Amino acid sequence: MESKTVTQAELQGIVNNLRERGARLITIAGVDTGENIEVLYFFHTGIGQTDNYRIIVPKQGGNEEIMSITPLIPGAYIAENELSEMFGVKVRDIPGRFFLHPSVNAPLRRPVPAKAPQKEAKQ
Amino acid sequence: MRSTIQFGPQHPVWIEPLRLKLTMDGEIVKDADLEAGYVHKGLEKKFEWDYNKGAYLSERVCAICTQHHSTCFCLATEGTMNLEIPRRAQIIRTIMLELERLHSHFLAIGLTLESIGFENLFMLCFRDREAVLDVFERTTGNRILHGINIVGGVTRNIGPEMGKEIMDFCDDIEKRAHDLEQMILKSYTIKQRMQGVGVMSEKLARDLCVVGPVARGSNVPYDVRHDAPYLMYREVKVTPIVETGGDCWARSIVRVRELFQSIDIIRQLVPMLEGTPDELFAKSKVLPEGESFARVEPPRGELFYYVRGKKSKDLDRVKIRTSTYANGPGIVPLIKGSHLADVGLITITFDPCIGCFDR
Chain A
154 MESKTVTQAE
164 LQGIVNNLRE
174 RGARLITIAG
184 VDTGENIEVL
194 YFFHTGIGQT
204 DNYRIIVPKQ
214 GGNEEIMSIT
224 PLIPGAYIAE
234 NELSEMFGVK
244 VRDIPGRFFL
254 HPSVNAPLRR
264 PVPAKAPQKE
274 AKQ
Chain B
218 MRSTIQFGPQ
228 HPVWIEPLRL
238 KLTMDGEIVK
248 DADLEAGYVH
258 KGLEKKFEWD
268 YNKGAYLSER
278 VCAICTQHHS
288 TCFCLATEGT
298 MNLEIPRRAQ
308 IIRTIMLELE
318 RLHSHFLAIG
328 LTLESIGFEN
338 LFMLCFRDRE
348 AVLDVFERTT
358 GNRILHGINI
368 VGGVTRNIGP
378 EMGKEIMDFC
388 DDIEKRAHDL
398 EQMILKSYTI
408 KQRMQGVGVM
418 SEKLARDLCV
428 VGPVARGSNV
438 PYDVRHDAPY
448 LMYREVKVTP
458 IVETGGDCWA
468 RSIVRVRELF
478 QSIDIIRQLV
488 PMLEGTPDEL
498 FAKSKVLPEG
508 ESFARVEPPR
518 GELFYYVRGK
528 KSKDLDRVKI
538 RTSTYANGPG
548 IVPLIKGSHL
558 ADVGLITITF
568 DPCIGCFDR
């Protein structure tokens, strides 16, 4: 699967461009890789063609925030809510609750892997 | 005076729980909130296990589109292993997919008619659906959860005798579908009850990225079998069936017309089995590694599976985007401004599967 890694600011421009070209949002998927949360955006751009974009969000103890694409593509609303409630990544101007009860917090988020202790430099 | 009505989570028009909080002004819905999650099973987390058990699990996401779920999961997982399945397995999978579309559309048409008071037609639809389930029982041993898909192929063959039986079934079900179509098209009452109700404009359908008969009923010719062909749809060409009305009638007529399309596709597929080697399964020499995704076209619209492997038997991540998940945002704008009596009809023409929606 090919995907292009972009920044959040770049993504807004890309989504705007895709919308004008008549592309359809397939979905948004989150993946917890341990140290980062990757957010994947899948677009159908033509017969047999998809454009996939990835933004990498470094973990900041649950204080991560990304920009929403719902104002550009209203169909992203549920996917962005689900991303937020499953991974604990806040999506700006999105409630962040759709499927889960408020007592359930980021069930797909994984702990940050512990770093190996650094050896003290010999004096 | 405004009042609030709780529509669901337990409502006779839906089989599964979904809640609509309706703000009413007399008989007119002024605002609506959609609340889901009552049957959330946390299945995406459960998929982080042995990929060989994934097809079994994916069938449990939805009891109507079981074959589509397991096929989509297998296609995505096979993508992470660069595994090509034998041609015969591809044909069998595709036949099963089209049979599944038949039984799901009979179900959806029946439930739509029941919601406007036609219980007799609902029973006729279910009688026809039973005939499809009988074919499933004969070919797979199971009526609902077929259990024939595995990563790498299928576990059950369709021999010449069964092929002939399926062809005979096509003749029979075509007559039944034709009778049903005539009953619906010639009914003044059904037409009056459904035309102009719950209209989704083409622009709204494109903005919300809705899928399946909901999109095609609003003149959006989006069908994964045509737009991203998979399995035998690369050879058997599918032209999306569209209606321009965007109302409950258009969505239902798309389903009725797709019954004949599915029968036609099955008729093209069964003869392809003749002369195709009896290989049903390709064994992979590698474990799932990297990322892949697959899309299929279930009866309700595009289904998407994203699979990420980590070079072990256990998968790292599986994301499922179901048809109702894509169509969910379209429910609220259609309900706003409608009569309370139409809320059930509008939602049922989305053919909602809440088990799929929540996963």
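In order, the protein sequence lines correspond to chains A and B.
According to this note's numbering, the residues represented by the first sequence are 154 to 276, in order.
According to this note's numbering, the residues represented by the second sequence are 218 to 576, in order.
The beta carbon of each residue, even a glycine, is placed where N, CA and C say it ideally should be.
No experiment lies behind these values; they were computed from the predicted model shown.
Taking C-alpha atoms, which residue in B:D396, B:T288, B:G572, B:K238 lies nearest to T541 of chain B?
B:G572
Option in A:A267, A:P255, A:K268, A:I208 with minimal Cα separation from G254 of chain B:
A:P255
Verify the contact flag: F290 of chain B, CB atom, against every heavy atom of the ligand ZN, threshold strictly below 7 Å.
What this structure holds is no ligand at all, so the ligand ZN is not there to describe.
Could you check where the alpha helix (DSSP H) with S540 of chain B kicks off and where it finishes?
540 to 544
Just list the alpha helix (DSSP H) runs in the region 230 to 293 of chain B, keeping only unbroken ones of 4 residues or longer that don't cross its boundaries, in chain order.
260 to 263, 271 to 276
Along chain B, in chain order, which residues have C-beta atoms closer than 8 Å to that of F195 of chain A?
F510, F521, Y523
Got a sec? Which residues, its chain only, sit under 6 Å from D204 of chain A by beta carbon, not counting five neighbours each side?
The answer, listed in chain order, is F196, T198.
Output the boundary residues of the beta strand (DSSP E) element that contains L448 of chain B.
Element bounds for L448 of chain B: n/a, residue is neither H nor E.
Does chain A have any CB closer than 8 Å to the CB of D568 of chain B?
no
Can you tell me the Cα-Cα spacing of D351 of chain B and A306 of chain B, whole angstroms?
21 Å
Taking C-beta to C-beta, are V441 of chain B and A422 of chain B nearer than 8 Å?
no
C-beta atoms of T311 of chain B and M449 of chain B nearer than 8 Å
In this structure, the beta-carbon distance from T311 of chain B to M449 of chain B falls below 8 Å.
Which residues, in order along the region 294 to 319 of chain B, keep a beta-carbon less than 7 Å from a beta-carbon of chain A?
Within the region 294 to 319 of chain B, no residue places its CB atom closer than 7 Å to a CB of chain A.
Straight-line gap, L476 of chain B to A394 of chain B (C-alpha atoms, nearest Å)
7 Å
Could you work out which residues of chain B lie near G201 of chain A, taking near to mean beta carbons separated by less than 9 Å?
D444, A445, P446
Run through chain B and tell me which residues come within less than 8 Å of Y230 of chain A, C-beta to C-beta.
P546
N- and C-terminal bounds of the alpha helix (DSSP H) containing A422 of chain B
419 to 425
From the beta carbon of V210 of chain A, is the nearest beta carbon of chain B less than 8 Å away?
no
Are at least three pairs of beta-carbons, each pair with one atom in the region 276 to 285 of chain B and one in the region 507 to 520 of chain B, less than 8 Å apart?
yes
Is the Cβ of V184 of chain A closer than 8 Å to any Cβ of chain B?
At least one beta carbon of chain B lies nearer than 8 Å to the beta carbon of V184 of chain A.
Report the CB separation of V453 of chain B from Q485 of chain B in whole angstroms; it is logged as a contact under 8 Å.
5 Å
Based on Cα-Cα distance, which residue from A:P227, A:I226, A:L225, A:E217 lies nearest to S237 of chain A?
For S237 of chain A, the closest of A:P227, A:I226, A:L225, A:E217 by C-alpha to C-alpha distance is A:E217.
Could you give the DSSP three-state label for V168 of chain A: helix, strand or coil?
helix
Quick one: does R177 of chain A have its CB under 8 Å from some CB of chain B?
At least one chain B Cβ lies under 8 Å of R177 of chain A.
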